[in-house]
Amino acid sequence: MQHGKYRFIAGFLVLPLALYAVFVISPFVQSIYYSFTDWTGLSSDLRVTGLDNYRRLWHDDIFWQAVGHNVLLLLVLPLVTLGLGLFFAFMLNVGGRRRKNAAVAGVRGSSLYKVVYFFPQVLSIAIVALLFQFAYNPNSGALNSFLGAIGVDARPEWLGNPHLALWCVTAVMVWSNVGFYVVLFSAGMSSVPRDFYEAALLDGANRLQTFFRITLPLLWDTVQTGWVYMGIMALDSFAVVQIMTVGPGGPDYSTEVLSFYLYTKAFRDGQAGYATAVGVALLIVTMIFAGIVMKLGRRERLEY
Amino acid sequence: MGTTSGNTSGIGRRDLVRRAAALGLVTVPAVGALGACATGGGDGDKDGKQAGKGTKSAKNPLAVEEKAPLDVVIFDGGFGQQYAKDAEADYKAAFPGAQIHHTGTQDILTQLQPRFNGGTPPDVIDNSGAKQMDMGTLVAKNQLADLNDLLDAPSFDDPSKKVRDTLRPGVAEMGRFGGKETWVLYYAYTVYGVWYSKTNLAKFDAQYPETWDEMLALCEKAKKKGVAGWTYAGKHPYYLPFSLYPFIAKIGGPEVLTRIDNLEPNAWKDPAVKAAFEAYYELYKKGYVLQGTPGLDHIQSQTAWNEGKALFLPNGSWVENESKKTTPADFRMAVAAPSSLDKNRDKMPFGTIWASGGEPFIVPRNAKNPRGGMELLRIMLGKKSTQNFIKSVSSLTSLNGGTDGLSLPPGLTSCQETLAKAGKNVVNPRIGDWYVALQKEKIGVGALGEMMAGRLTPDEAISKIQRYADETAKDSSVKKYRHV
């Protein structure tokens with residue numbers, strides 16, 4: 001019976017799997033091969049150079065800087081985005097003042113907020129990056145104008161300052177993604193049975209306790225999925241870096257990330273072979289990340 | 001989440017979703033995309049599809065096959081593509097039987113990389129813009145046709161003169177990469193330097209300051225009125241060299257730049273480099289650089305300069321066309337050579353300027369109709385096309401002259417005057433063409449930008465650049481070039 005079931009499933013999967021193999025798996029295998037060559041990307045004349053690219057990678061300071069930034073993003077971005085997402089979603093669904101007939105309710109106007117939070121998601125990331133580029137303009141940008149209006153004398157150079165630039169990039173990515181998670185978590189929260197909250201409130205739990213004891217555990221699966229997707233965002237971050245930052249990738253490599261480094265090597269410097277080696281490194285970082293998330297996320301599931 | 005998935009055996013819904021997510025993760029890195037542009041077909045024209053020779057005549061000195069189609073790809077950037085279309089119309093008039101296929105794009109590289117890999121490149125390409133193909137690699141991989149055939153052909157307007165002899169000085173040499181062959185023809189001619197507005201200087205009763213002391217005095221005067229002396233494209237600090245490199249050459253002679261281009265050891269430790277860096281650093285130190293400049297991109301810095309918030313801007317002659325929309329009508333844009341640091345001790349006189357070819361045109365070796373590609377370039381280097389180019393995009397071309405009878409906009413007029421004043425004292429540093437990564441992200445963003453933002457001292461910036469240059473010199477994956 002089991003056997004027949006798998007054959008049944010496989011029958012449906014043949015076509016998509018074949019497409020996947022041709023368009024995703026085979027370029028991967030090819031890329032791994034190219035990472036052992038000196039392919040320029042501009043001519044099909046290439047030589048196998050063994051581990052040369054990887055040896056170079058090992059001694060490439062900029063590459064390690066990029067890895068560092070990606071790892072930092074990987075830690076910070078999901079934490080901040082999901083944290084904010086959870087907070088807002090909680091406020092929208094459970095955080096409001098208690099009203100008649102309902103044990104829990106969102107803050108006033110929560111349905112409007114839900115829509116507003118989702119706005120950034122509608123904009124393409126290129127537009128978002130461009131908008132923020134204007135906002136970060138040290139002379140006439142919204143941020144510094146705001147600082148001026150409230151009487152702060154400091155005029156940070158934002159993207160122009162190597163200590164701030166990566167945080168500016170992170171902030172934009174958080175801004176553009178948080179809305180999606182507000183909506184996602186809201187959906188998750190609204191399916192948590194109300195009686196749980198009622199019971200907790202009767203026992204005298206405050207909001208903090210309800211959040212950590214009820215909401216978060218019951219939402220864990222959703223949070224974990226969100227974590228994986230934010231990880232993907234953090235490992236990519238190409239568009240924001242390419243459009244917004246000084247250089248791009250600067251100032252002084254302070255916003256260099258692997259995906260952008262790969263791009264410059266392949267498409268500016270004509271070193272596609274080396275770039276594929278960077279790509280393979282990115283693949284390894286991704287695999288490690290996926291492994292860790294899957295491992296850490298394994299928890300007993302609550303059914304309700 | 002939703003309702004229970006039950007305790008079924010086999011694959012649960014959530015497991016499936018989770019596994020799918022894990023699989024999706026694996027596909028993220030762009031590594032796959034690279035391989036996708038695979039190295040399909042072979043190089044070379046082994047199948048003999050290349051167009052044959054036409055009849056050589058006075059009207060057709062390159063012996064273009066009259067009926068062979070012509071495939072043109074033009075970078076649709078600051079200069080647009082109309083000038084090329086106009087020249088193609090002239091080509092069509094000369095060879096009515098030829099089909100012309102014109103493509104205008106900003107994505108030169110992404111569009112053409114597969115065609116080069118597949119051995120079917122177009123016949124002539126304006127390989128320009130942010131997504132240009134790396135010229136050194138194309139040359140090293142023997143992908144380009146030698147344009148000496150074109151340069152030795154009779155010129156379009158005067159058959160008694162070779163094309164080579166009608167070009168501005170230095171343009172033909174720029175197209176070489178260390179050998180005798182000319183691989184690239186630069187069509188536009190760009191003047192780099194310190195850009196300013198005569199109107200805005202007049203507000204301070206000033207002309208362009210010919211010495212650095214006068215420059216500092218003027219900046220001080222402006223500062224008191226709340227106007228900054230300088231601004232630059234802080235996000236792309238590789239605009240600074242446009243006035244800084246000729247400044248170095250002026251102080252220490254052109255050989256300093258030659259040594260820098262050649263990546264010679266300690267080339268950057270030259271006292272002229274230090275003097276020039278310190279002079280620029282002083283602009284920052286004394287607060288003459290517009291506040292917030294390190295966070296401005298080229299357009300934002302140009303706009304601030306157009307609005308009169310800063311007096312001087314290192315830039316190239318495309319700025320007049322690029323900033324057209326924000327330039328006030330009475331701006332009276334002009335360009336000047338770097339001021340004298342020390343009139344008596346500088347090795348070159350005031351007026352020493354950086355000017356060189358822009359818009360690199362190439363003809364691929366494996367093109368179907370390379371002679372046709374060259375013929376189009378020959379037409380473009382004629383007076384008619386040149387004047388059309390100057391008028392429509394307000395930039396000079398590599399054709400020497402061609403401006404008589406035209407009324408030029410102020411910036412371009414100033415370019416002409418500055419070139420005339422420079423005479424033979426035109427320098428042309430090549431480091432930016434030869435070593436893009438070194439020039440743009442290492443020297444530009446990594447050192448000059450940091451210095452002008454006050455985060456590095458001139459000495460630190462010089463050591464950093466020297467280290468970068470040494471690294472590039474040792475990097476076997478970068479092809480090296482030298483001045484000959």
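Taken in sequence, the protein lines are chains A and B.
All residue numbers for the first sequence refer to the UniProt record's numbering, where the first residue is 1 and numbers rise by one.
All residue numbers for the second sequence refer to the UniProt record's numbering, where the first residue is 1 and numbers rise by one.
Note that beta-carbon positions come from the ideal geometry of N, C-alpha and C, so glycine has one too.
| Check | Outcome |
| --- | --- |
| From B:P429 to A:L84, what distance separates their C-alpha atoms? | 51 Å |
| How about A:P162 and A:P251: are their beta carbons less than 9 Å apart? | yes |
| Roughly how far, in whole angstroms, is the beta-carbon of B:T326 from the beta-carbon of B:T231, given that I think they are within contact range, below 8 Å? | At roughly 13 Å, the Cβ-Cβ gap does not stay under 8 Å, so B:T326 and B:T231 are not in contact. |
| Does B:D261 come within less than 9 Å of chain A when only Cβ atoms are used? | no |
| So for B:G357, helix, strand or coil by DSSP? | strand |
| From B:A58, B:K59, B:G52, B:F75, pick the residue whose C-alpha is nearest to that of B:K67; which is it? | B:G52 |
| First and last residue of the beta strand (DSSP E) that includes B:G457? | Here the sequence assigns Thr to residue 457 of chain B, which means Gly is not the residue at that position. Element bounds for B:T457: n/a, residue is neither H nor E. |
| Return the CA-CA distance between B:T137 and B:G178, expressed in angstroms with no decimal places. | 14 Å |
| Cβ atoms of B:T403 and B:A188: under 9 Å apart, would you say? | no |
| Pull up the distance between the alpha-carbon of B:N262 and that of B:L296, whole angstroms please. | 32 Å |
| Under 9 Å between C-beta atoms, does A:V246 make it to chain B? | yes |
| Are the beta-carbon atoms belonging to B:V72 and B:P122 less than 9 Å from one another? | yes |
| Which residues does DSSP pair with residue 521 of chain B in a beta bridge? | Residue 521 of chain B lies beyond the stretch modelled for chain B, which goes from 1 to 484, so this question has no answer here. |
| Can you pull the chain A neighbours of B:M133, defined as C-beta to C-beta under 8 Å? | L42, G270 |
| Measuring only the C-alpha atoms, how far is A:F196 from A:L216? | 13 Å |
| How about B:K309 and B:L290: do their beta carbons lie closer than 9 Å? | yes |
| Taking buried to mean at least 16 other C-beta atoms within 10 Å of its own C-beta, is A:F36 buried or exposed? | buried |
| Quick check: is the beta carbon of B:A337 nearer than 9 Å to any beta carbon in chain A? | no |
| Quick one: give me the first and last residue of the alpha helix (DSSP H) that B:A93 is part of. | 82-94 |
| Could you check whether the region 435-442 of chain B touches the region 418-425 of chain B, counting it as contact only if at least three pairs of C-beta atoms, one from each stretch, sit closer than 8 Å? | no |
| Using a Cβ-Cβ cut-off of 7 Å (strictly less than) and excluding sequence neighbours within five positions of A:Y261, which residues of its own chain qualify? | I62, F63, A66, V278 |
| Report the CB separation of B:Y238 from B:G444 in whole angstroms; it is logged as a contact under 8 Å. | 3 Å |
| State buried or exposed for B:D205, treating a residue as buried only when at least 16 other CB atoms are found within 10 Å of its CB. | exposed |
| Mind checking the region 156-187 of chain A against chain B and listing, in chain order, the residues whose C-beta falls within less than 8 Å of any C-beta there? | E157, W158, L159, G160, N161, P162 |
| Looking at A:G188 and A:T222, is the spacing between their C-beta atoms short of 9 Å? | yes |
| Could you name the residues of the same chain whose beta carbon sits closer than 7 Å to that of B:M215, not counting the 5 residues immediately before and after it, in chain order? | P209, S339 |
| Are the region 350-369 of chain B and the region 138-145 of chain B touching by the rule of at least three beta carbon pairs closer than 8 Å? | yes |
| I'd like the span of the alpha helix (DSSP H) that includes B:K316, first residue to last. | Contrary to the premise, residue 316 of chain B reads as Gly rather than Lys in this sequence. No alpha helix (DSSP H) holds B:G316; the beta strand (DSSP E) holding it covers 310-316. |
| In the DSSP assignment, find the unbroken beta strand (DSSP E) run with B:M333 in it and report its ends. | 333-336 |
| From the DSSP output, read off the bridge partner residues of B:D71. | B:H101 |
| Relative to the alpha-carbon of B:L341, which residue among B:T303, B:L399, B:K274, B:N400 has its alpha-carbon at the smallest distance? | B:K274 |
| Would you identify the three-state DSSP class for B:W195, choosing helix, strand or coil? | strand |
| Give me the Cβ distance between B:M133 and B:L112, rounded to the nearest whole Å; I'm assuming they're in contact under 8 Å. | 6 Å |
| Only counting the same chain, and skipping five residues up and downstream in sequence, which positions put a Cβ closer than 7 Å to that of B:I379? | A87, D90, Y91, F156, S385 |
| What is the DSSP secondary structure of B:W183, reduced to helix, strand or coil? | coil |
| Could you give the DSSP three-state label for B:A228: helix, strand or coil? | strand |
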